[in-house]
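Only one structure is covered here, and it is reproduced in the block below.
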Amino acid sequence: MATSAKVLSGPVAQFASDVRTGLCKSGQKELPSKYLYDPLGFALFEVITLLPEYGLTRADERLLRRHAKEIVSHLPSPALVSELGSGSGRKTRWILSVLCEREPVSYYPIELSRAALASCESELGDVECVSIVGVEREYLDGLREVAALRADGVHLLVLFLGSTIGNFDAGADARFLSQVRSVLAPGDSLLLGADLLKPLERMLQAYDDPLGVTAAFNLNLLGRINRELDGEFDLRQFEHVARFNEATCSIEMHLRSKTRQVVNIRRGGFAVTFETGETVWTESSHKYTRREIAELAVACGFCGEAQWVDDEWPFAESLLLAV
Ligand code: AVI
Numbered sequence: 002m003a004t005s006a007k008v009l010s011g012p013v014a015q016f017a018s019d020v021r022t023g024l025c026k027s028g029q030k031e032l033p034s035k036y037l038y039d040p041l042g043f044a045l046f047e048v049i050t051l052l053p054e055y056g057l058t059r060a061d062e063r064l065l066r067r068h069a070k071e072i073v074s075h076l077p078s079p080a081l082v083s084e085l086g087s088g089s090g091r092k093t094r095w096i097l098s099v100l101c102e103r104e105p106v107s108y109y110p111i112e113l114s115r116a117a118l119a120s121c122e123s124e125l126g127d128v129e130c131v132s133i134v135g136v137e138r139e140y141l142d143g144l145r146e147v148a149a150l151r152a153d154g155v156h157l158l159v160l161f162l163g164s165t166i167g168n169f170d171a172g173a174d175a176r177f178l179s180q181v182r183s184v185l186a187p188g189d190s191l192l193l194g195a196d197l198l199k200p201l202e203r204m205l206q207a208y209d210d211p212l213g214v215t216a217a218f219n220l221n222l223l224g225r226i227n228r229e230l231d232g233e234f235d236l237r238q239f240e241h242v243a244r245f246n247e248a249t250c251s252i253e254m255h256l257r258s259k260t261r262q263v264v265n266i267r268r269g270g271f272a273v274t275f276e277t278g279e280t281v282w283t284e285s286s287h288k289y290t291r292r293e294i295a296e297l298a299v300a301c302g303f304c305g306e307a308q309w310v311d312d313e314w315p316f317a318e319s320l321l322l323a324v
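The sequence shown maps to residues 2 to 324 in my numbering.
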């Protein structure tokens with residue numbers, strides 16, 4: 002099928018290059034999960050968080066709501082707060098409100114998605130004594146910028162909630178936490194939300210809900226390629242698959258080709274052949290044990306200060322101190 006490469010620049014060029022690398026590699030095809038979150042993907046993820054089968058976000062929020070006072074009691078004052086991947090910011094309200102009882106707070110949500118930053122700013126705009134400055138950057142670049150802003154004697158609290166840490170590849174979670182640690186000073190803290198291992202059926206239902214919202218969230222990645230790269234994916238010719246990888250202790254999302262097909266990605270200037278049943282791996286969601294979190298923290302230069310676990314949906318909120 003005829004293709005012609007177009008001259009692309011900026012984020013769309015990066016997207017095209019990542020799509021080409023992931024779909025043209027030999028063996029398992031893959032697409033980076035960060036591309037799931039265009040405005041439509043972000044909106045679909047927000048719906049996922051409301052699904053009865055997906056208890057993760059509610060557990061995270063419950064822990065923050067129930068234990069905000071206790072969490073804040075461990076933190077030195079004054080503190081500046083930054084959040085890696087704030088999403089809508091709904092969960093963060095509880096910590097910010099309690100911190101505000103002590104002093105005015107500067108809050109820097111770091112997000113790649115402009116839609117997420119806008120929704121975070123409107124969600125938290127009514128929390129008194131909080132000034133919100135959105136940072137539209139990659140996590141580490143944004144965090145370096147925020148850390149450079151703090152005055153002497155001000156402690157940094159980094160929030161990394163919602164188990165986004167679980168979406169890193171095996172080993173990349175530790176590398177990422179070590180990089181976060183290298184931006185922090187001793188005495189700074191990291192509040193880490195991580196989803197815990199639970200019975201298989203419960204995990205599978207959470208990533209393959211009967212309403213098909215997670216399927217739509219996953220398939221939207223192909224829709225995004227169509228919209229932004231003039232791709233010719235027929236979304237009806239792919240299906241969502243969620244499965245548990247025991248070796249990595251992760252739920253994986255894939256998109257399976259229902260037929261043998263060749264798909265042209267016109268703005269990228271390439272075409273991809275899919276065999277019947279072949280899958281594109283789009284996301285991994287690692288499920289942790291409490292012990293694993295504690296070991297990860299120590300290996301990355303933190304010490305575990307406290308941990309809270311939800312009693313309805315196994316999920317842990319861990320407060321880690323930079324040592
Ligand atoms: C954002 N992240 C923690 C979600 C998760 O559970 O891994 C993304 C998600 N993928 C499918 N459903 C939710």
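Where a beta carbon is used, it is the ideal one built from N, C-alpha and C, also for glycine.
Could you work out which residue in L321, D209, S114 and A149 is closest to G56 when comparing CA atoms only?
Your numbering for residue 56 matches position 55 in the sequence shown. Checked all of L321, D209, S114 and A149; the closest Cα to G56 is D209.
Below 7 Å CB to CB, which residues in the same chain sit around E229 once its five sequence neighbours on both sides are set aside?
Translated into the one-based positions of the sequence shown, residue 229 becomes position 228. Closer than 7 Å at Cβ, skipping near neighbours: V13 and F16.
Going by DSSP, which residues form a beta bridge with N265?
What you label residue 265 is simply residue 264 of the sequence shown in a count that begins at 1. According to DSSP, which records beta bridges pairwise, N265 is partnered with A272.
Taking 8 Å as the cut-off, does the stretch 81-91 touch the stretch 154-173 (at least 3 CB pairs, one atom from each stretch)?
Yes, the stretch 154-173 touches the stretch 81-91.
Among all the DSSP beta bridges, which residues are the ones paired with L81?
Here the question's residue 81 lines up with position 80 in the sequence shown. DSSP lists L157 as partners of L81.
When you compare the CB positions of D311 and G163, do they come within less than 8 Å of one another, or not?
On the sequence shown, position 310 is the one that residue 311 refers to. On the sequence shown, position 162 is the one that residue 163 refers to. Contact flag unset, no.
Return the chain-ordered ranges of every beta strand (DSSP E) run that is complete within the stretch 162-248 and spans a minimum of 3 residues.
190-196 and 239-246
Quick one: give me the first and last residue of the beta strand (DSSP E) that V310 is part of.
Taking the sequence shown and counting its residues from 1, the one referred to as residue 310 is at position 309. Note, V310: beta strand (DSSP E), F303 to V310.
Might you give, ordered along the chain, the residues of its own chain that have their beta carbon closer than 7 Å to the beta carbon of L220, omitting 5 neighbours on each side?
Here the question's residue 220 lines up with position 219 in the sequence shown. L236, F239, H241 and L256.
At 3 residues or longer, and completely inside the stretch 78-118: list those beta strand (DSSP E) runs for me, N to C.
80-85 and 106-111
With 16 other CB atoms within 10 Å as the buried threshold, where does A3 fall?
Sequence index remark: in the sequence shown, residue 3 carries index 2 (1-based). Reliability fails at A3, whose pLDDT of 43 lies under 50, so the model's placement of it is uncertain and the value that follows must be treated cautiously. Per the 10 Å Cβ criterion, exposed.
What are the partner residues of S285, as DSSP defines its beta bridges?
Residue numbering aside, residue 285 sits at position 284 when the sequence shown is read from its first letter. DSSP, once it has assigned bridges, lists E253 as partnering S285.
Determine, using beta carbons only, whether L198 and K288 come nearer to each other than 8 Å.
Position 197 of the sequence shown holds residue 198. Position 287 of the sequence shown holds residue 288. A contact, by the Cβ cut-off of 8 Å.
Using CA atoms only, rank isn't needed, just tell me which of E233, G42 and I252 is closest to T117.
Counting from 1 along the sequence shown, the entry for residue 117 is found at position 116. According to the sequence displayed, residue 117 carries Ala and not Thr. Among E233, G42 and I252, the Cα nearest to that of A117 is on G42.
Report the rounded CA-to-CA distance for R63 versus E102, giving the unit in angstroms.
For the purposes of this step, residue 63 is taken as the residue at position 62 of the sequence shown. For the purposes of this step, residue 102 is taken as the residue at position 101 of the sequence shown. If you take the alpha carbons of R63 and E102, they lie about 20 Å apart.
Any heavy atom of the ligand AVI closer than 7 Å to the Cβ of S179?
The residue labelled residue 179 in the question sits at position 178 within the sequence shown. With a threshold of 7 Å, the Cβ atom of S179 does not count as near the ligand AVI, since no heavy atom of the ligand is closer than that.
Within the continuous beta strand (DSSP E) that includes S132, where are the two ends?
Locating residue 132 in the sequence shown gives position 131, where the first residue counts as 1. Looking at the DSSP string, the run of the beta strand (DSSP E) that includes S132 is V131 to I133.
Just checking my contact of A323 with A186 at CB under 8 Å: how many whole Å lie between their CB atoms?
Along the sequence shown, one-based indexing puts residue 323 at 322. Along the sequence shown, one-based indexing puts residue 186 at 185. Yes, A323 and A186 are in contact; Cβ-Cβ is about 7 Å, under 8 Å.
Look at the alpha carbon of C301 and the alpha carbon of Y108, and state the distance between them as a whole number of angstroms.
Locating residue 301 in the sequence shown gives position 300, counting from the first residue. Locating residue 108 in the sequence shown gives position 107, counting from the first residue. The alpha-carbon of C301 is positioned some 24 Å away from that of Y108.
Please look up how many angstroms separate the CB atoms of Y36 and L222, rounded, as I've assumed it's under 8 Å.
Locating residue 36 in the sequence shown gives position 35, counting from the first residue. Locating residue 222 in the sequence shown gives position 221, counting from the first residue. Indeed, because the Cβ distance is near 6 Å, the residues count as touching under 8 Å.
Let me know the secondary structure DSSP gives K30 once reduced to three states.
Counting from 1 along the sequence shown, the entry for residue 30 is found at position 29. Note: K30 maps to strand in three-state DSSP.
With distances taken between CB atoms, is the gap from L65 to K92 smaller than 8 Å?
Your numbering for residue 65 matches position 64 in the sequence shown. Your numbering for residue 92 matches position 91 in the sequence shown. Yes, they are a contact pair.
Within 10 angstroms of its Cβ, does V263 collect 16 or more other Cβ (buried), or is it exposed?
Reading the sequence shown from its first residue, position 262 is the one you call residue 263. It counts as exposed.
Any heavy atom of the ligand AVI closer than 7 Å to the CB of I49?
Counting from 1 along the sequence shown, the entry for residue 49 is found at position 48. I49 Cβ: within cutoff of the ligand AVI.
Which same chain residues, not among the five before or five after A175, have their C-beta less than 7 Å away from its C-beta?
By one-based count along the sequence shown, residue 175 stands at place 174. Closer than 7 Å at Cβ, skipping near neighbours: L297, A300 and C301.
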